[in-house]
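Protein chains in written order, with this note's numbering: chain R, 1 to 381; chain Y, 1001 to 1381. A virtual CB, placed ideally from N, CA and C, is assigned to each residue, including glycine. Note that the structure is a prediction, hence the values are computed from the model and not measured.
Protein chains: 2
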Amino acid sequence: MADEENAYTFATAATRHIKLENLGEGGFRMWRGDCLAEVTLAYESWGELSATADNAILIFTGLSPSAHAASSPQDSSPGWWEYMIGPGKAIDTDRFFVVCANSLGGCYGSTGPGSVNPETGENYGADFPDVTVEDIAASGFLLMRQLGVEKLHAAVGSSMGGMSAIAYAMRYPDHIDNLISISAATRALPLTIALRSLQREIIRSDPAWNGGRYADDAKPLVGMSLARKLGLVSYRAADEWNSKFDRSRVAAEKLTGERFEREFEIENYLEYNARKFINSFDPNSYLYLSRAMDWFDIAEHGESISDGMSKIEIERALVVGVTTDILFPSRQQKEIADVMRATGTDVDYVEIDSVNGHDAFLIDDAHFSPVVRKFLDQSID
Amino acid sequence: MADEENAYTFATAATRHIKLENLGEGGFRMWRGDCLAEVTLAYESWGELSATADNAILIFTGLSPSAHAASSPQDSSPGWWEYMIGPGKAIDTDRFFVVCANSLGGCYGSTGPGSVNPETGENYGADFPDVTVEDIAASGFLLMRQLGVEKLHAAVGSSMGGMSAIAYAMRYPDHIDNLISISAATRALPLTIALRSLQREIIRSDPAWNGGRYADDAKPLVGMSLARKLGLVSYRAADEWNSKFDRSRVAAEKLTGERFEREFEIENYLEYNARKFINSFDPNSYLYLSRAMDWFDIAEHGESISDGMSKIEIERALVVGVTTDILFPSRQQKEIADVMRATGTDVDYVEIDSVNGHDAFLIDDAHFSPVVRKFLDQSID
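Structure below.
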């Protein structure tokens, strides 16, 4: 059974934890106003920073991945973007110093709702301040400074990570040369808000959620499982499932005869993948990061989308969309490309005809690697 | 706020209840093997049956409507297909004797999980036998016989109702002349199975569902609300919501400041519509009828879809699809039309470019009425 979208493994052997410095007065000032006294980011890196510190690539993740984007000598387990990052690969670690951090608000080592609130000695839970895509970008900026990088060669991101990369370019125009945005959005539209809002409500409706206060051994796993299944439905494309599952049935000997049991393989596929996910992800992190995507709107960085985007001063951008993506439709990628061009950026726009829907970037090596490789090759010519 | 998809009102003034006769030995033999000792159908009718009983139209409903498809002198409240049915309308009750029944398994007066099991004196609940689209067709056949109709002028149905109308034509080829199938399917595909399976699991995961045994005042309303919201997301189209809601926010004075509260109008829209629905629909009926759609597969009526469809012997069919339908995509309507043609039926296939997605037939008078009117006009030439 294929389950590439759940290859997000959390391995610590290569993970470093860094306490961010120079937060400013009162701590890390968040986009919606709150302050965090302390911020730790978990990150991994591949390759070596050049003497002039001009070869750094920062990878922003989607909602659920850890910092473990690729294997390394310290950790040979495959990362969530294993095909993309490594020696000689499209994001070539022989050439670039590549960094990937677990998102602020996440649950794989970075400060988030599951972290201890220094003021109370308890986990933040739902008392964690509002996290936005802009905050994820800002924490990435501070991380790279501490690693000795004043200016990124490129920020790269897919899905929420694409939003974060765009936010980085808007907030820190002097600190980035190139941008790769894959299956992102200028702003969340109502269908995606509806789908995410419903996932959050499903989690919060699980009595075990308990207002965000749950013990490690009493998490709202039923709600998480249902929410994850809804996520999976939105991440993939109808045709992929038609060819992979059609109306295949669960083997008769596996049926119990219970009313409404899973009878179709597609139902088993969702169950299998949800089960793998729910024990490895913090429900509150899911809520916070999901909401961050709803809030994202480039127009909040100016008078309009175009005005917000005009703050970007990169040299070149690669914008990639997928024809079968229903969550971040290719039309929205075209919009990003068009607005960037109109505000003066040199943009490569590529629409990939993949069967894998929104998750294509995680899976579709054959389509994605050449596109990213070509862009990065040209970026250092 | 528009909420046409929830205009399913249940009014009894015009509703009649009929106990089906001639069930056969042991009762009403269901498609998957069980027997129901008694079957009552709630139905409404409009117009008069002709002396030769050749002007009857039977309307099969989608998952949730009652028999109240249109207003009448006995009940002036608008029905769920008010624009379509009435004197001088596309389904012209000055000309046709029109019947609509609440589906077998439903909760608006027809025998279903909420009915009393004569063997136990208790509600069936989850002990109700498996309901299929074929059973809904069979109960409609018995109903029309009792009303004096040996042969339908036409069976008409949308969504699950379209499946039921096709099932009727396959099971009773000598008893139907014309067929109108709107946004139906030759068989359920994995994406739709996934979406419906998830709705059912959400309901069953509500502790109040209690294995299908719940009191009238303790229904699994949380699960029903979440399931209905997921249904709504799948019934409509992204562009419709983009133009209707975009990123409109709930008025600031209505916000409570609670974490994760509804902030966008699209979230309020779903909440409003779910609330209207959950108190008027039986959760177990939802489970049974939802599952019936997953099971439907014309290929089970023969060696293949084409073989099953070849059992149909109608004169003419109208098959209608909607460009923005993600649940029953227009490609599936084209498939129905193509297979019907290949097996000898005279088919009008119309693809309607509506913004309203799967629910278009409930709303889009301007597109649907002329198409249905033209077909029915020609059917009596």
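According to the Cβ coordinates, are V1319 (chain Y) and S1164 (chain Y) closer than 9 Å?
-> By one-based count along the second sequence, residue 1319 (chain Y) stands at place 319. By one-based count along the second sequence, residue 1164 (chain Y) stands at place 164. In this structure, S1164 (chain Y) does not lie closer than 9 Å to V1319 (chain Y) by Cβ.
Note down, in chain order, every chain R residue with its Cβ under 7 Å from the Cβ of S1205 (chain Y).
-> Against the second sequence, residue 1205 (chain Y) aligns to sequence position 205. Near S1205 (chain Y) (Cβ distances below 7 Å), the residues of chain R are V222 and L226.
With distances taken Cα to Cα, identify the nearest neighbour of R1145 (chain Y) among Y:T1111, Y:R1316, Y:R1228 and Y:D1174.
-> Translated into the one-based positions of the second sequence, residue 1145 (chain Y) becomes position 145. For the residues Y:T1111, Y:R1316, Y:R1228 and Y:D1174, the minimum Cα distance to R1145 (chain Y) belongs to Y:D1174.
Name the chain Y residues that come within less than 9 Å of I298 (chain R), Cβ to Cβ?
-> For this step, residue 298 (chain R) is matched to residue 298 along the first sequence. For I298 (chain R), no chain Y residue has a C-beta closer than 9 Å to its own C-beta; the minimum C-beta separation is roughly 11 Å.
Neighbour flag for A184 (chain R) against chain Y, beta carbons, 9 Å | Mapped onto the first sequence, residue 184 (chain R) falls at position 184. Taking CB atoms only, A184 (chain R) has no neighbour in chain Y less than 9 Å away.
Does the beta-carbon of P1087 (chain Y) have 16 or more other beta-carbons within 10 angstroms, so that it is buried, or is it exposed?
-> Translated into the one-based positions of the second sequence, residue 1087 (chain Y) becomes position 87. Counting Cβ neighbours within 10 Å, P1087 (chain Y) comes out exposed, since fewer than 16 surround it.
Residues near K229 (chain R) by beta carbon distance below 7 Å, same chain, minus five either side | For the purposes of this step, residue 229 (chain R) is taken as the residue at position 229 of the first sequence. Cβ neighbours of K229 (chain R) beyond the five flanking positions: L270 and A274.
Output the distance between the C-alpha atoms of D1135 (chain Y) and A1299 (chain Y), rounded to the nearest integer angstrom.
-> Residue numbering aside, residue 1135 (chain Y) sits at position 135 when the second sequence is read from its first letter. Residue numbering aside, residue 1299 (chain Y) sits at position 299 when the second sequence is read from its first letter. One C-alpha to the other measures close to 16 Å.
Using the C-alpha atoms, what's the distance from A56 (chain R) back to L147 (chain R)?
-> Sequence index remark: in the first sequence, residue 147 (chain R) carries index 147 (1-based). Sequence index remark: in the first sequence, residue 56 (chain R) carries index 56 (1-based). In this model, L147 (chain R) and A56 (chain R) are separated by some 10 Å (Cα to Cα).
Go ahead and label P118 (chain R) buried or exposed: buried means 16 or more other beta carbons lie within 10 angstroms of its beta carbon, across all protein chains shown.
-> Locating residue 118 (chain R) in the first sequence gives position 118, where the first residue counts as 1. Exposed is the label assigned to P118 (chain R), since fewer than 16 other Cβ atoms lie within 10 Å of its Cβ.
Neighbour list for V1320 (chain Y) in chain R, Cβ cutoff strictly below 7 Å | Counted from its first residue, the second sequence places residue 1320 (chain Y) at position 320. Those within 7 Å of V1320 (chain Y) in chain R number zero; the least Cβ separation is about 20 Å.
Quick one: does V131 (chain R) have its CB under 9 Å from some CB of chain Y?
-> Locating residue 131 (chain R) in the first sequence gives position 131, counting from the first residue. V131 (chain R) does not count as touching chain Y.
Taking L230 (chain R) as part of the alpha helix (DSSP H), name the residues at either end of that continuous run.
-> In the first sequence, residue 230 (chain R) corresponds to position 230, counting from 1. Per DSSP, L230 (chain R) belongs to the alpha helix (DSSP H) from L221 to Y235.
Kindly list the residues whose CB is nearer than 6 Å to the CB of H1367 (chain Y), restricted to its own chain and excluding five residues on each side of it in sequence; keep chain order.
-> In the second sequence, the residue the question calls residue 1367 (chain Y) occupies position 367. Here the set comprises I1352 and S1354.
Taking 9 Å as the cut-off, decide whether the C-beta atoms of A70 (chain R) and V39 (chain R) are in contact.
-> Taking the first residue of the first sequence as 1, we reach residue 70 (chain R) at position 70. Taking the first residue of the first sequence as 1, we reach residue 39 (chain R) at position 39. No.
Beta carbon of L289 (chain R), beta carbon of V1233 (chain Y): below 9 Å?
-> Residue 289 (chain R) sits at position 289 when you count from the first residue of the first sequence. Residue 1233 (chain Y) sits at position 233 when you count from the first residue of the second sequence. Here L289 (chain R) is not near V1233 (chain Y), since their CB atoms are 9 Å or more apart.
Rounded to a whole number of angstroms, what is the C-alpha to C-alpha distance between A1292 (chain Y) and R1200 (chain Y)?
-> Counting from one through the second sequence, the residue named residue 1292 (chain Y) turns up at place 292. Counting from one through the second sequence, the residue named residue 1200 (chain Y) turns up at place 200. One C-alpha to the other measures close to 12 Å.
So what's L1143 (chain Y) in DSSP terms, helix, strand or just coil?
-> If you number the second sequence from 1, residue 1143 (chain Y) lands on position 143. Note: L1143 (chain Y) maps to helix in three-state DSSP.
Would you verify that the beta carbon of N1273 (chain Y) is, or is not, closer than 9 Å to some beta carbon of chain R?
-> The residue you call residue 1273 (chain Y) lines up with position 273 of the second sequence. Answer no: the Cβ-Cβ gap between N1273 (chain Y) and chain R never drops below 9 Å.
Beta carbon of G357 (chain R) nearer than 9 Å to that of L376 (chain R) = Start at 1 with the first residue of the first sequence, and residue 357 (chain R) comes out as number 357. Start at 1 with the first residue of the first sequence, and residue 376 (chain R) comes out as number 376. No, these two residues do not count as a Cβ contact at 9 Å.
Establish whether the CB of I1363 (chain Y) and some CB of chain R are separated by less than 9 Å.
-> One-based indexing of the second sequence puts residue 1363 (chain Y) at position 363. Cβ-Cβ to chain R under 9 Å: no for I1363 (chain Y).
Interface residues of chain Y around S354 (chain R) at Cβ under 9 Å?
-> For the purposes of this step, residue 354 (chain R) is identified with residue 354 of the first sequence, where counting begins at 1. Those within 9 Å of S354 (chain R) in chain Y number zero; the least Cβ separation is about 16 Å.
Opening and closing residue of the alpha helix (DSSP H) in which F277 (chain R) lies = Residue numbering aside, residue 277 (chain R) sits at position 277 when the first sequence is read from its first letter. It spans E265 to I278 - the alpha helix (DSSP H) in which F277 (chain R) sits, taken as one unbroken run.
Closest Cβ-Cβ distance between V1350 (chain Y) and chain R: below 9 Å?
-> Translated into positions along the second sequence, residue 1350 (chain Y) becomes position 350. False, the Cβ-Cβ gap to chain R never drops below 9 Å.
Rounded separation between F361 (chain R) and V371 (chain R) - CA only | In the first sequence, the residue the question calls residue 361 (chain R) occupies position 361. In the first sequence, the residue the question calls residue 371 (chain R) occupies position 371. When rounded, the distance between both Cα atoms is 11 Å.
Got a sec, what are the start and stop residues for the alpha helix (DSSP H) S197 (chain R) sits in?
-> As a first step, residue 197 (chain R) must be located in the first sequence, where it is residue number 197. Segment P190 to S205, the alpha helix (DSSP H) holding S197 (chain R).
Inter-residue Cα distance where the pair is D365 (chain R) and A1167 (chain Y) = As a position in the first sequence, residue 365 (chain R) is number 365, starting the count at 1. As a position in the second sequence, residue 1167 (chain Y) is number 167, starting the count at 1. Computed Cα separation, rounded: 44 Å.
Could you please give me the residues that DSSP links to K19 (chain R) through a beta bridge?
-> Position 19 of the first sequence holds residue 19 (chain R). Its beta-bridge partners are R:T40.
Comparing the C-beta of I1057 (chain Y) with each C-beta of chain R, is any distance below 9 Å?
-> For the purposes of this step, residue 1057 (chain Y) is taken as residue 57 along the second sequence, with counting starting at 1. Taking Cβ atoms only, chain R never reaches closer than 9 Å to I1057 (chain Y), which makes this a no.
Is any heavy atom of the ligand FMN found at a distance shorter than 8 Å from the C-beta of G1027 (chain Y)?
-> The ligand content of the structure shown is nil, which means the ligand FMN is not present either.
State the start and end residues of the unbroken alpha helix (DSSP H) segment that holds N284 (chain R).
-> As a first step, residue 284 (chain R) is located in the first sequence; it is residue number 284 there, counting from the start. That run of the alpha helix (DSSP H) goes P283 to W295.
Chain-order list of residues whose beta-carbon lies under 6 Å from that of G1106 (chain Y) (same chain, five-residue window excluded) = On the second sequence, position 106 is the one that residue 1106 (chain Y) refers to. Result list for G1106 (chain Y): G1112 and S1285, in chain order.
Going by the CB atoms, is the gap between F60 (chain R) and G140 (chain R) shorter than 9 Å?
-> Here residue 140 (chain R) is taken as the residue at index 140 of the first sequence, counted from 1. Here residue 60 (chain R) is taken as the residue at index 60 of the first sequence, counted from 1. Result yes, Cβ atoms of G140 (chain R) and F60 (chain R) sit closer than 9 Å.
Under 7 Å Cβ to Cβ from E21 (chain R), same chain only, skipping five residues before and after it: list those, please.
-> The residue given as residue 21 (chain R) occupies position 21 in the first sequence. Within the same chain, E21 (chain R) has close Cβ partners Q146.
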